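J.: The opening position of the sequence shown corresponds to residue 73 in our numbering, with each subsequent residue numbered one higher.
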Amino acid sequence: AAAPRVPVQGRGSVPRQRQIDRGPGQRVTSGDIAALRSVSELFRTLDHTYGGGHARQALVRYLEHEAEPMLRGTYGETTGRRL
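(1) What's the C-alpha gap between residue 127 and residue 109?
(2) Just to confirm before moving on: does the CB-CB distance between residue 105 and residue 154 stay below 9 Å?
(3) Whole angstroms are fine: how far does the CA of residue 120 sit from the CA of residue 149?
(4) Which one of 138, 100, 122 and 99 has the shortest CA to CA distance from residue 111?
(5) Could you compute how far the alpha carbon of residue 117 sits from the alpha carbon of residue 146?
(6) Can you tell me whether residue 100 is buried or exposed? The criterion is at least 16 other CB atoms within 10 Å of its CB, across all chains shown.
(7) Go through its chain and collect everything with a Cβ distance to residue 97's Cβ below 8 Å, but skip five positions before and after it.
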């Protein structure tokens, strides 16, 4: 049996952007939040399909380099709650 496919959620709704290094105070946008949620769903699917250890290192790197810097960014109250 073929492995389940990873959902394609959010691909059409969030424009692809050039990867940038996030610095302290950088503005966090609704697109950043949408990407974070989409990637979270991807890792959830991988965990469910293959087990937690399968993509753990990739998740750790994503959290270190993408999610954690967002917390040091600039955002309003609503965006902060969504983070």
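Positions of the beta carbon are idealized from the N, C-alpha and C atoms, including for glycine.
What you are looking at is a predicted structure, and each value in this text was computed from that prediction instead of being measured.
T.: On the basis of the data shown:
(1) 17 Å
(2) yes
(3) 32 Å
(4) 138
(5) 30 Å
(6) buried
(7) 144, 145 and 146
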